[in-house]
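Reviewing the structure listed below.
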Amino acid sequence: MSPTRHPVLSVVYSSTATTAFTDSDLAALLTVSRQNNSQAGLTGMLVSRHDRFLQVLEGPEAQVDQLMATIAQDSGHHSVRVLLREPIERRQFADWTMSFKQLTSVDEHTVPGYRAAFDDLADESNDVNVTTAAVRELVRWFQDRPTPTM
């Protein structure tokens with residue numbers, strides 16, 4: 002009898018912080034997120050630009066859905082939008098409980114998908130399908146980087 006296979010769910014979402022994050026706020030958020038994600042069997046990455054966040058979460062469906070419900074109710078976020086939700090064969094960020102990169106205007110011209118993804122996300126009336134290609138490009142770029150730390 003073969004073991005039961007538990008598929009991995011990948012969710013990419015965007016949100017906007019209700020207040021500006023300082024570097025120490027981001028460091029504290031990452032510390033808590035990494036600890037919680039490790040306990041829940043979740044991995045992923047977080048990219049921020051100004052007050053906007055783009056995050057990939059991956060892991061067992063129940064844990065990903067539970068965390069997404071928590072994020073949606075968190076008063077520190079608004080405009081939470083799921084951009085991609087799909088089962089994946091293997092984790093894209095298997096070694097990262099939560100990798101992080103704060104991108105700057107310099108990155109706009111060097112990181113594939115960065116400008117398009119964040120500019121599209123700024124207009125909340127855009128259909129999420131508009132940003133899908135840019136988000137996928139940004140995620141692929143991030144995967145190829147050494148694990149950023151903060």
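In terms of our numbering, the numbers along the sequence shown are unbroken and rise by one, the last being 151. Every residue gets a Cβ at the ideal spot worked out from N, C-alpha and C, and that includes glycine. As the structure is a prediction and not an experimental result, all values here were calculated from the model.
What residue does the alpha helix (DSSP H) around residue i start on, and which one ends it?
{"i": "residue 36", "result": "24-41"}
{"i": "residue 93", "result": "Premise fails: residue 93 is in no alpha helix (DSSP H) and is neither H nor E."}
{"i": "residue 63", "result": "62-74"}
Run through DSSP, which three-state label would residue i get?
{"i": "residue 87", "result": "strand"}
{"i": "residue 113", "result": "Caution applies to residue 113, whose pLDDT of 49 falls short of 50 and renders its modelled position unreliable; the value that the coordinates give is listed next. Coil, per DSSP."}
Identify, in the order they occur along the chain, each residue of the same chain with its Cβ nearer than 8 Å to the Cβ of residue i, setting aside the five sequence neighbours on each side.
{"i": "residue 22", "result": "30, 49, 52"}
{"i": "residue 14", "result": "55, 56, 58, 69, 72, 81, 82, 83, 84"}
Who are the near neighbours of residue i in its chain, counting only those whose CB is closer than 7 Å to its CB and skipping five residues on each side?
{"i": "residue 95", "result": "44"}
{"i": "residue 141", "result": "none"}
{"i": "residue 4", "result": "Note that residue 4 scores a pLDDT of 45, beneath 50, so its modelled location is shaky and nothing firm can be said."}
Can you list, in chain order, the residues of its chain whose CB lies under 6 Å from that of residue i, leaving out five sequence neighbours each side?
{"i": "residue 59", "result": "9, 11, 44, 45, 92"}
{"i": "residue 41", "result": "64"}
{"i": "residue 17", "result": "52, 53, 79, 80"}
{"i": "residue 86", "result": "12"}
{"i": "residue 62", "result": "10"}
Quick one: give me the first and last residue of the beta strand (DSSP E) that residue i is part of.
{"i": "residue 17", "result": "9-18"}
For my contact list, residue i and residue j are in at a C-beta cut-off of 8 Å; report their separation, rounded to the angstrom.
{"i": "residue 76", "j": "residue 32", "result": "Actually they are not in contact, since the Cβ atoms of residue 76 and residue 32 sit about 20 Å apart, beyond 8 Å."}
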